[in-house]
Amino acid sequence: MKVFVKAPAKINLSLDVLYKRDDGYHELEMVMTTIDLADRLELTLLEESEIRISSQSRYVPDDERNLAFQAAKLLKQKFQVEKGVEISIEKNIPVAAGLAGGSSDAAATLRGLNKLWGLSLSIEELAEIGAEIGSDVSFCVYGGTALAKGRGEKIKLLPTPPSCWVILAKPPIGVSTTEVYNKLNLNEISHPNTNLMVQAIKEKNYQAICNNLNNVLENVTLSEYPEVKQIKEHMEKFGADGVLMSGSGPTVFALIQHDSRKERVYNSLKGFCRQVFAVRLLGTNHLS
Ligand code: C5P
227 MKVFVKAPAK
237 INLSLDVLYK
247 RDDGYHELEM
257 VMTTIDLADR
267 LELTLLEESE
277 IRISSQSRYV
287 PDDERNLAFQ
297 AAKLLKQKFQ
307 VEKGVEISIE
317 KNIPVAAGLA
327 GGSSDAAATL
337 RGLNKLWGLS
347 LSIEELAEIG
357 AEIGSDVSFC
367 VYGGTALAKG
377 RGEKIKLLPT
387 PPSCWVILAK
397 PPIGVSTTEV
407 YNKLNLNEIS
417 HPNTNLMVQA
427 IKEKNYQAIC
437 NNLNNVLENV
447 TLSEYPEVKQ
457 IKEHMEKFGA
467 DGVLMSGSGP
477 TVFALIQHDS
487 RKERVYNSLK
497 GFCRQVFAVR
507 LLGTNHLS
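Residue numbers (the numbering used here): 227 to 514.
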């Protein structure tokens, strides 16, 4: 028996850090949305009680370090599942890129195993379990578009934003989320008004979405890696409607509605950046 699951990447349309909490995490306010750049997972039922994981990508760990492995292990323990699973990951989302690739694989594993192991858990229950694996996993369980608070695990679903192109460019550097948070100077943050982004999405106001793109982690990564800033400036110059770094970076994305502009930005980036993607906003969640 096999289950195939899609694990889409996310981008942050807005990311604000409110304060540092006593548990070491940061209290966040984020607006996230899924995009049509996805890993594909094949889950095969094993009669023996074993979790195996493999991928065609050399950047994907094939052991406990993999969040999908952790997701399977956690579900197995919690619900005393006797059977096992073989997880095969087709990796398309760049790793350590600010696109929640690992978290999305974990979330897809939870959704897939819910079927394969016949657990009949609700999406809400899976999202709660996901929060034990990583801060972005709950959102990835739902997918779509949402306002995320707390550590990132308190999810309020939002309507689908107006459709547009998302051009992503990832410079050849990996960024540690922990380091970015550690380097963030909380006293120097100029906080965005997250509510303006939420309103823009509710009103399906594309221009307002572009005007309110904001990520307070951007300056930390930008000051460290000039190439990230260069990509941003390049996208702006070639006609993107809005440009922002996703998560802790280093991936930068551009929102664009017109096909011809999308071609221009995409082709111009291809010249100096190896990892460039042109995809659509997904917006729809896994409840539907
Ligand atoms: O939860 P996750 O393991 O994905 O987080 C990775 C790291 O990012 C944490 O160890 C922490 O340093 C930082 N982080 C944070 N506050 C959050 C989410 C993540 O400080 N809300």
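Glycine included, each C-beta is placed from N, C-alpha and C at the ideal position.
Nearest to GLU273 by CA position, among PRO452, LEU439 and LYS228, is which residue? Taking the first residue of the sequence shown as position 1, residue 273 is located at position 47. Closest by alpha carbon: LYS228.
Do you know whose CA, among MET256, ILE415, VAL469 and LYS236, lies nearest ALA322's CA? Translated into positions along the sequence shown, residue 322 becomes position 96. Checking every option, the nearest Cα to that of ALA322 belongs to LYS236.
Report yes if the CB atom of LEU239 is closer than 7 Å to the CB atom of VAL257, and no otherwise. For this step, residue 239 is matched to residue 13 along the sequence shown. For this step, residue 257 is matched to residue 31 along the sequence shown. Going by C-beta atoms, LEU239 is nearer than 7 Å to VAL257.
I want to check one thing, is the minimum distance from the CB of GLY360 to the heavy atoms of the ligand C5P below 6 Å? As a first step, residue 360 must be located in the sequence shown, where it is residue number 134. GLY360 Cβ: within cutoff of the ligand C5P.
For LEU269 and VAL231, believed in contact at Cβ under 8 Å, the rounded distance: Stepping through the sequence shown from its first residue, residue 231 is reached at position 5. Stepping through the sequence shown from its first residue, residue 269 is reached at position 43. At roughly 7 Å, the Cβ-Cβ gap stays under 8 Å, so VAL231 and LEU269 are in contact.
Put LEU339 into one of helix, strand or coil per three-state DSSP. Within the sequence shown, the letter at position 113 stands for residue 339. Note: LEU339 maps to helix in three-state DSSP.
When we look at the beta-carbon of ASP519 and count the other beta-carbons within 10 Å, is it buried (16 or more) or exposed? Any property of residue 519 remains undetermined from this structure, which presents the chain solely from 227 to 514.
Would you identify the three-state DSSP class for ALA332, choosing helix, strand or coil? Walking along the sequence shown from the start, residue 332 turns up at place 106. If DSSP states are grouped into helix, strand and coil, ALA332 belongs with the helices.
Leaving out five residues before and five after SER329 in sequence, what residues of the same chain have Cβ atoms less than 7 Å from its Cβ? For the purposes of this step, residue 329 is taken as residue 103 along the sequence shown, with counting starting at 1. Closer than 7 Å at the Cβ level, and outside the excluded window around SER329, lie LEU293, GLY360, ASP362, VAL363 and CYS366.
Thinking just about the alpha-carbon of each residue, which of ARG377, ASP288, ASP289 and VAL505 is nearest to the one in GLU255? Counted from its first residue, the sequence shown places residue 255 at position 29. The option with the nearest alpha carbon to GLU255 is ARG377.
Length of the line joining the Cα atoms of LYS375 and ALA434: Here the question's residue 375 lines up with position 149 in the sequence shown. Here the question's residue 434 lines up with position 208 in the sequence shown. Distance between the alpha carbons of LYS375 and ALA434 is about 21 Å.
Cβ contact (3+ pairs, closer than 8 Å) linking the stretch 481–489 and the stretch 456–472: Yes, the stretch 481–489 is in contact with the stretch 456–472.
Distance, ASN493 Cα to CYS499 Cα: The count along the sequence shown starts at 1 and reaches residue 499 at position 273. The count along the sequence shown starts at 1 and reaches residue 493 at position 267. Rounded to whole angstroms, CYS499 to ASN493 spans 10 Å at the Cα level.
In the DSSP assignment, find the unbroken beta strand (DSSP E) run with PRO234 in it and report its ends. Position 8 of the sequence shown, counting from 1, holds the residue named residue 234. Start and end: 228–246.
Count the other C-beta atoms from every protein chain shown that fall within 10 angstroms of the C-beta of LEU352, then say buried if there are 16 or more, exposed otherwise. Counting from 1 along the sequence shown, the entry for residue 352 is found at position 126. Answer is buried; the Cβ neighbour count reaches 16.
Buried or exposed for PRO452, please, with buried defined as at least 16 other CB atoms from any protein chain shown within 10 angstroms of its CB. As a position in the sequence shown, residue 452 is number 226, starting the count at 1. It is exposed - the Cβ of PRO452 has fewer than 16 other Cβ atoms within 10 Å.
With LEU272 as the anchor, note down where its beta strand (DSSP E) starts and where it stops. For the purposes of this step, residue 272 is identified with residue 46 of the sequence shown, where counting begins at 1. Start and end: 252–272.
Determine contact between the stretch 280–294 and the stretch 309–323, defined as no fewer than three beta-carbon pairs at a distance below 8 Å. Yes, since at least three Cβ pairs between the stretch 280–294 and the stretch 309–323 fall closer than 8 Å, the two stretches touch.
Determine the extent of the beta strand (DSSP E) in which GLY356 is found, giving its start and end residues. Numbered from 1 along the sequence shown, position 130 holds the residue referred to as residue 356. Per DSSP, GLY356 belongs to no beta strand (DSSP E); it is in the alpha helix (DSSP H), 349–356.
Would you say ALA372 and LEU336 are within 7 Å of each other, going by their C-beta atoms? For this step, residue 372 is matched to residue 146 along the sequence shown. For this step, residue 336 is matched to residue 110 along the sequence shown. In this structure, LEU336 does not lie closer than 7 Å to ALA372 by Cβ.
I'd like the span of the beta strand (DSSP E) that includes THR283, first residue to last. By 1-based counting over the sequence shown, the position of residue 283 is 57. The sequence shown places Ser at residue 283, not Thr. SER283 -> no beta strand (DSSP E), and no H or E assigned at all.
Closest to LEU439 by CA distance: which of ILE399, GLU312 and ILE427 is it? What you label residue 439 is simply residue 213 of the sequence shown in a count that begins at 1. Of the candidates ILE399, GLU312 and ILE427, ILE427 places its Cα closest to the Cα of LEU439.
Less than 7 Å separating the beta-carbons of LEU339 and LEU300? On the sequence shown, residue 339 is found 113 positions in, with the first residue counted as 1. On the sequence shown, residue 300 is found 74 positions in, with the first residue counted as 1. One thing to note: LEU339 has its Cβ no nearer than 7 Å to the Cβ of LEU300.
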